[in-house]
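**Student:**
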Amino acid sequence: MKTSSLIKWGDRLSWAVLMANLLLILAIPTESSESDLLFLLMILICFFGGAIGAITWLVIRHNFYFRTFKGLSSIFVCFLLSSLFTSSSILPPANERLSLLSNLSYILLGWGFGLSSAVFLIFHDIGIRIIAITTVVFVWGAFFAWKIQGNLIELLVNALTQTGQVTPLWWLSPSMCILGWLLPLSVISFFAHSVRIFAEK
Amino acid sequence: MQKINVLALPSQSTLLFFVIVIVLLGSFFLGSIGTSPIPFLPAAFGIVFLSLRSFLKAPSKRIEQEHWRIADAQYTPILQEIEKFAQKIQLTHIPHLLIQPGNQQRSGPYTFGNFRQWYIAMSEGKADEILAGLSNSQQASVAQAILIHELYHLKNGDHWKMGYVEELFKTIFSLMLWMLLFMLGLGMLMIISAPDILALDPVKLVHSIPDLSPQCEQILLTLFPAEKELATIRQKAAGINLFLVLNFILSAILPFLLSSATLLLIFFPKLWRLREYYADAGVLQQQKETLSLRSALTGISRKFLEYDISSSAEEETPTISREYDFWISMRQWKEGYKKIAGWHPTIISRDESCQNPMKIFDSWQGTTVLVGSLLLVLDILLSSPLTLIYIGNFPMHFSAIATIAIVSVSLIPHVVQGKKIWTDVLRIISGIMGLRLVWIVFTLLFLFIVFLLNPSTFEEMMRMAIASVARYAGDIQSIEVPDFSEFLIRASLINLFQILILFIVSIFGVLSNLFFTGRILYWFKFPDLQKRLSSLIYGSLAANLFFWSVGVLLPLTWLLNSEQTIGFLGWGGVVCAWLFFIIFLVVFFVLDRHYAYCCNQCNSKVPDNKPLEVVCPACKKQQLLWLARDIA
Chain A
43 MKTSSLIKWG DRLSWAVLMA NLLLILAIPT ESSESDLLFL LMILICFFGG
93 AIGAITWLVI RHNFYFRTFK GLSSIFVCFL LSSLFTSSSI LPPANERLSL
143 LSNLSYILLG WGFGLSSAVF LIFHDIGIRI IAITTVVFVW GAFFAWKIQG
193 NLIELLVNAL TQTGQVTPLW WLSPSMCILG WLLPLSVISF FAHSVRIFAE
243 K
Chain B
7 MQKINVLALP SQSTLLFFVI VIVLLGSFFL GSIGTSPIPF LPAAFGIVFL
57 SLRSFLKAPS KRIEQEHWRI ADAQYTPILQ EIEKFAQKIQ LTHIPHLLIQ
107 PGNQQRSGPY TFGNFRQWYI AMSEGKADEI LAGLSNSQQA SVAQAILIHE
157 LYHLKNGDHW KMGYVEELFK TIFSLMLWML LFMLGLGMLM IISAPDILAL
207 DPVKLVHSIP DLSPQCEQIL LTLFPAEKEL ATIRQKAAGI NLFLVLNFIL
257 SAILPFLLSS ATLLLIFFPK LWRLREYYAD AGVLQQQKET LSLRSALTGI
307 SRKFLEYDIS SSAEEETPTI SREYDFWISM RQWKEGYKKI AGWHPTIISR
357 DESCQNPMKI FDSWQGTTVL VGSLLLVLDI LLSSPLTLIY IGNFPMHFSA
407 IATIAIVSVS LIPHVVQGKK IWTDVLRIIS GIMGLRLVWI VFTLLFLFIV
457 FLLNPSTFEE MMRMAIASVA RYAGDIQSIE VPDFSEFLIR ASLINLFQIL
507 ILFIVSIFGV LSNLFFTGRI LYWFKFPDLQ KRLSSLIYGS LAANLFFWSV
557 GVLLPLTWLL NSEQTIGFLG WGGVVCAWLF FIIFLVVFFV LDRHYAYCCN
607 QCNSKVPDNK PLEVVCPACK KQQLLWLARD IA
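Protein chains in written order, with this note's numbering: chain A, 43 to 243; chain B, 7 to 638.
(1) What runs of the alpha helix (DSSP H), each 4 residues or longer, lie entirely inside the segment 150–224 of chain A?
(2) Closer than 9 Å by beta-carbon distance: list the chain A residues that pair up with glutamine 123 of chain B, in chain order.
(3) I'd like to know whether the C-beta of lysine 74 of chain B is nearer than 8 Å to at least one C-beta of chain A.
(4) Identify the continuous beta strand (DSSP E) that holds phenylalanine 118 of chain B and give its terminal residues.
(5) Say whether chain B places a C-beta atom closer than 8 Å to the C-beta of threonine 177 of chain A.
(6) Do the segment 108–123 of chain B and the segment 137–149 of chain B meet, that is, are 3 or more Cβ pairs less than 8 Å apart?
(7) According to DSSP, what are the bridge partners of tyrosine 125 of chain B?
(8) Assign glutamate 87 of chain B to one of two classes, buried (16 or more other C-beta atoms within 10 Å of its C-beta) or exposed (fewer than that).
(9) Within 10 Å of its beta-carbon, does glutamine 292 of chain B have 16 or more other beta-carbons around it, so buried, or fewer, so exposed?
(10) How long is the line joining the alpha carbons of lysine 653 of chain B and glutamine 629 of chain B, rounded to whole angstroms?
(11) Tell me whether methionine 218 of chain A is buried or exposed, calling it buried when 16 or more other Cβ atoms sit within 10 Å of its Cβ.
(12) Quick one: Cα of alanine 64 of chain B to Cα of aspartate 164 of chain B, how far?
(13) Going along chain A in order, which residues have a C-beta closer than 7 Å to the C-beta of phenylalanine 195 of chain B?
(14) Less than 8 Å between the beta carbons of valine 289 of chain B and glutamine 18 of chain B, yes or no?
(15) Less than 8 Å between the CB atoms is what I'm expecting for threonine 409 of chain B and isoleucine 438 of chain B, so what's the real figure, rounded?
(16) Whose C-alpha, out of B:Leu186, B:Tyr116, B:Ser555, B:Leu566, is nearest the C-alpha of alanine 411 of chain B?
(17) Does serine 215 of chain A get closer than 8 Å to chain B when you measure Cβ to Cβ?
(18) Taking Cβ-Cβ distances below 7 Å as the criterion, which residues of the segment 537–567 of chain B are in contact with chain A?
(19) Please confirm if alanine 234 of chain A has its CB atom under 8 Å from at least one CB of chain B.
(20) Give a yes or no on contact between the segment 430–449 of chain B and the segment 534–552 of chain B, applying the rule of three or more CB pairs nearer than 8 Å.
(21) Might you give, ordered along the chain, the residues of its own chain that have their beta carbon closer than 6 Å to the beta carbon of phenylalanine 310 of chain B, omitting 5 neighbours on each side?
(22) State the Cα-Cα distance for the pair tryptophan 57 of chain A and alanine 96 of chain A, rounded to the nearest angstrom.
(23) What is the rounded straight-line gap between the Cα of valine 377 of chain B and the Cα of phenylalanine 509 of chain B?
(24) Report yes or no: do the segment 94–111 of chain A and the segment 150–157 of chain A share at least 3 C-beta pairs separated by less than 8 Å?
(25) Starting from the Cα of serine 405 of chain B, find the closest Cα among B:Leu384, B:Ile418, B:Cys605, B:Ala634 and give me that residue.
(26) Quick check on lysine 537 of chain B: does DSSP put it in helix, strand or coil?
(27) How many Å lie between tyrosine 158 of chain B and lysine 243 of chain A at the Cα?
(28) So, is glycine 169 of chain A buried or exposed, given that buried needs 16 or more other C-beta atoms within 10 angstroms?
(29) Give the interface partners of phenylalanine 240 of chain A over in chain B, defined as CB-CB distance under 9 Å, in chain order.
(30) Under the assumption that methionine 189 of chain B contacts isoleucine 255 of chain B (Cβ atoms under 8 Å), give the Cβ distance between them as a whole number of angstroms.
(31) Check the Cβ-Cβ distances between isoleucine 195 of chain A and every residue of chain B, and say whether any is below 8 Å.
(32) In chain order, which continuous runs of the beta strand (DSSP E) of length 3 or greater are located wholly inside the segment 20–96 of chain B?
(33) What number of angstroms, rounded off, separates the C-alpha of valine 171 of chain B from the C-alpha of valine 511 of chain B?
(34) Apply the 10 Å Cβ neighbour rule to tyrosine 478 of chain B and answer buried if 16 or more other Cβ atoms are within range, or exposed otherwise.
(35) Taking C-beta to C-beta, are phenylalanine 89 of chain A and alanine 62 of chain A nearer than 8 Å?
(36) Once the 5 residues before and after phenylalanine 23 of chain B are set aside, which same chain residues still bring their CB inside 7 Å of it?
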């Protein structure tokens, strides 16, 4: 079998795994016995590994798209939207199934965003600029959050202890995810590009 | 008097390059005085790394952005000329020729690159013009002059000097912008969170959470800082206010803004201008005549300039053509400004420096303005009454060392010509120190007037000055001033005495440097002196600077400030400097005895004339022939 057809099969398989994940979530009965639910959750966990693999394959396969700013920003917007559905008090999820769907897509898009950032930073030597921008945005973000929402320390302690409720710090999780990806990747990219430049010149 | 070959002397552009780099980095280091949330010292090393990285990357980026293309076979005659002259002037790399296709404007040529990638770039229009020039026997030498000029930029290292300084400015400006935004954000966050941090009681907060098990409470409590750390944080939170934040940001950024403004307005344009003169000197050295370069500079045909010289020789009056004269007069009004702050030397001044290479170097007034402006900025930042707390500390030495180094190198051409330089040294140092004295006297007067009229305002001003170094969180316990009036008088006296010390040390420092340089110029028998002259001069300059700064300035300033404690390292440094200088003197005078005043051909004694005029009476060989320009 030729390599190109193998790649095509890889693409198809990846999309199929992703679709299967989504359908599985929709197929989970809302009222079922505890043993059935456990069984379905086990299947979901198995599929979740597959979905992560599928996302990885698709991002690497379509790296020509993700190495552009347009590609990176599109997945970034999708990630932000999913995070809004997942944890905001502005757009609360309609039911448990949708909640599970948005949670899954949030994790998958978070992974996808990290991978596409890595792809983007391999082709663009802008690690140091990203570090500079994210630190400034983070500091000013924290300032405005403190000004608008009040004592962040108390809110954070409450968020840690009252996990069942929608927290006013809904923005914290996606921000930490973005920072968690961008900062280390930018540092690695900066040093890797530096080594390349010094070696070349 | 013989004209000097400027290329044989230590390069003034190299000196300016190092002055710019050291002052830029030095002013960044200044931000590190006091407590700071930004690790300035690692940041300064980061700047060196970042600027070097950008410098290495810049050529490829520029080629990509400006759509340069490597010249094809169509431009073979230019490539051949470049290769021929690159070998002739012993360039280590043959530069690539870049053309901007489709650009019919006559822009360029100019050079850029890094350590290993060298480029000469020009528009398609200019390349076609040079091609046409090379194919015309009348204009071939003019086209060659243009190419040799560019090759000398590479030979003199202008591409890396300019490229690095440009990237250094860009890097520091970007970093300053980031610091401004980040520190402002951090300061505002600290201000807004301060009341909550002061009121924070972790135990109470954790207990207020309903339905929490004791284990969970314990885990949550470990997330908070320990009581001792929390007390320190509370203390800082109590001291923070908007004034301190703004004061910190201003005092961290102001040194850089002031010094970079001086460097950008005076020193960087000066570096741009100097490099052109040196490249012109290279053309003259290769072509052994001035007409081709003058034709290339003015655009007036070489034939016309030849006619002009022959007719003026007949008339026995050194006039220039009417066309040239008109052209010059039209531009005369711009000259004054461009001479001081222009980024490119005027054609008139380049033409003048072709005739007389000494025009490249500043007069004593020019050197005074150049060095004085920089030192005034450094003084405003380093030893003004607003930073009286640092009296007798290192900052004053930095400006003194810079003065000695720059003035010494500026006066080398005069030493080569055998001029008496001590009056120039006295004038320059007096001018520089005069500027410093005026600044100090005015600020001290201002402080005394405020003190006499309203002592409480004066105390407030001094507290502000102290706060500017106490930085964030009002950490002023470390700098205690019990009696402000006594402090003002003592600090004023020390500041004024500092100027006297600096004046004397600078004069002796410069004179001793020039004495050693003057002696080295008579070491005719020294092996390969032509190649090693700059190294010898720089070596003696470095040894002198070390001695005058560590061996003399340090102990003198310690004497001024009796309250300062000097450790073993301090005295050890002074002893080292003296020992080093004694060894240097011994070695120098042994070499001097061996090599000075001996003919480099027949080894017989030569007379003590001016360096350029020394001719051996036995073999009739002119000793420093290479130091004189061998064209009319």
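For each residue, glycine too, the CB sits at the ideal point set by N, CA and C.
Note that this is a predicted model, so its numbers are computed, not measured.
**Tutor:** With the structure as the only source:
(1) 169–191, 194–203
(2) Working through the second sequence from its first residue, we reach residue 123 of chain B at position 117. Within 9 Å Cβ-Cβ: Lys243.
(3) Position 68 of the second sequence, counted from the start, is the residue given in the question as residue 74 of chain B. Sequence inspection shows tryptophan at residue 74 of chain B; the lysine mentioned does not correspond to that position. Output row for tryptophan 74 of chain B: interface = no.
(4) Translated into the one-based positions of the second sequence, residue 118 of chain B becomes position 112. Taken as a continuous stretch (DSSP letters only), the beta strand (DSSP E) holding phenylalanine 118 of chain B covers 116–119.
(5) Taking the first sequence and counting its residues from 1, one reaches residue 177 of chain A at position 135. Closer than 8 Å to some Cβ of chain B, the Cβ of threonine 177 of chain A qualifies, so yes.
(6) no
(7) For the purposes of this step, residue 125 of chain B is taken as the residue at position 119 of the second sequence. In DSSP, tyrosine 125 of chain B forms a bridge with B:His102, B:Phe118.
(8) In the second sequence, counting from the first residue as 1, residue 87 of chain B sits at position 81. Burial call: buried.
(9) Residue 292 of chain B sits at position 286 when you count from the first residue of the second sequence. Result: buried.
(10) Only positions 7 to 638 of chain B appear in this structure, which leaves residue 653 of chain B out of reach.
(11) Against the first sequence, residue 218 of chain A aligns to sequence position 176. In the assembly as shown, methionine 218 of chain A is an exposed residue. Its beta-carbon has fewer than 16 other beta-carbons within 10 Å.
(12) For the purposes of this step, residue 64 of chain B is identified with residue 58 of the second sequence, where counting begins at 1. For the purposes of this step, residue 164 of chain B is identified with residue 158 of the second sequence, where counting begins at 1. The alpha-carbon of alanine 64 of chain B is positioned some 15 Å away from that of aspartate 164 of chain B.
(13) As a working mapping, residue 195 of chain B is identified with position 189 in the second sequence. The sequence as given places leucine at residue 195 of chain B; phenylalanine does not occur at that position. At a beta-carbon threshold of 7 Å, the residues of chain A lying near leucine 195 of chain B are Val181, Ala184, Phe185, Trp188, ordered along the chain.
(14) In the second sequence, counting from the first residue as 1, residue 289 of chain B sits at position 283. In the second sequence, counting from the first residue as 1, residue 18 of chain B sits at position 12. No; because the gap between Cβ atoms is not below 8 Å, this pair is not in contact.
(15) Looking up residue 409 of chain B in the second sequence gives position 403. Looking up residue 438 of chain B in the second sequence gives position 432. Between isoleucine 438 of chain B and threonine 409 of chain B the Cβ distance is about 6 Å, and since that is below 8 Å, they are a contact.
(16) Here the question's residue 411 of chain B lines up with position 405 in the second sequence. The shortest Cα separation from alanine 411 of chain B among B:Leu186, B:Tyr116, B:Ser555, B:Leu566 belongs to B:Ser555.
(17) Locating residue 215 of chain A in the first sequence gives position 173, counting from the first residue. False, the Cβ-Cβ gap to chain B never drops below 8 Å.
(18) Cβ proximity to chain A below 7 Å picks out nothing from the segment 537–567 of chain B.
(19) Reading the first sequence from its first residue, position 192 is the one you call residue 234 of chain A. No, its Cβ sits nowhere closer than 8 Å to a Cβ of chain B.
(20) no
(21) As a working mapping, residue 310 of chain B is identified with position 304 in the second sequence. Result list for phenylalanine 310 of chain B: empty, nothing under 6 Å.
(22) Translated into the one-based positions of the first sequence, residue 57 of chain A becomes position 15. Translated into the one-based positions of the first sequence, residue 96 of chain A becomes position 54. Looking at the two C-alpha atoms, the distance is approximately 7 Å.
(23) Walking along the second sequence from the start, residue 377 of chain B turns up at place 371. Walking along the second sequence from the start, residue 509 of chain B turns up at place 503. Rounded to whole angstroms, valine 377 of chain B to phenylalanine 509 of chain B spans 14 Å at the Cα level.
(24) yes
(25) Residue numbering aside, residue 405 of chain B sits at position 399 when the second sequence is read from its first letter. Here the closest residue by C-alpha is B:Leu384.
(26) By one-based count along the second sequence, residue 537 of chain B stands at place 531. Helix at lysine 537 of chain B.
(27) Working through the second sequence from its first residue, we reach residue 158 of chain B at position 152. Working through the first sequence from its first residue, we reach residue 243 of chain A at position 201. Between the alpha carbons of tyrosine 158 of chain B and lysine 243 of chain A lies a gap of roughly 22 Å.
(28) What you label residue 169 of chain A is simply residue 127 of the first sequence in a count that begins at 1. Classification of glycine 169 of chain A: buried, given that the 10 Å Cβ count is 16 or more.
(29) For the purposes of this step, residue 240 of chain A is taken as the residue at position 198 of the first sequence. In chain order: Leu58, Arg59, Leu62.
(30) Residue mapping note: residue 189 of chain B aligns to position 183 of the second sequence, counting from 1. Residue mapping note: residue 255 of chain B aligns to position 249 of the second sequence, counting from 1. About 5 Å; that satisfies the 8 Å criterion.
(31) Looking up residue 195 of chain A in the first sequence gives position 153. Yes, its Cβ sits closer than 8 Å to a Cβ of chain B.
(32) none
(33) Counting from 1 along the second sequence, the entry for residue 171 of chain B is found at position 165. Counting from 1 along the second sequence, the entry for residue 511 of chain B is found at position 505. Cα-Cα distance, rounded: 31 Å.
(34) Position 472 of the second sequence, counting from 1, holds the residue named residue 478 of chain B. Note that tyrosine 478 of chain B scores a pLDDT of 40, beneath 50, so its modelled location is shaky and nothing firm can be said.
(35) Against the first sequence, residue 89 of chain A aligns to sequence position 47. Against the first sequence, residue 62 of chain A aligns to sequence position 20. Taking 8 Å as the Cβ cut-off, phenylalanine 89 of chain A and alanine 62 of chain A qualify as a contacting pair.
(36) Numbered from 1 along the second sequence, position 17 holds the residue referred to as residue 23 of chain B. Lys167, Val171, Leu277.
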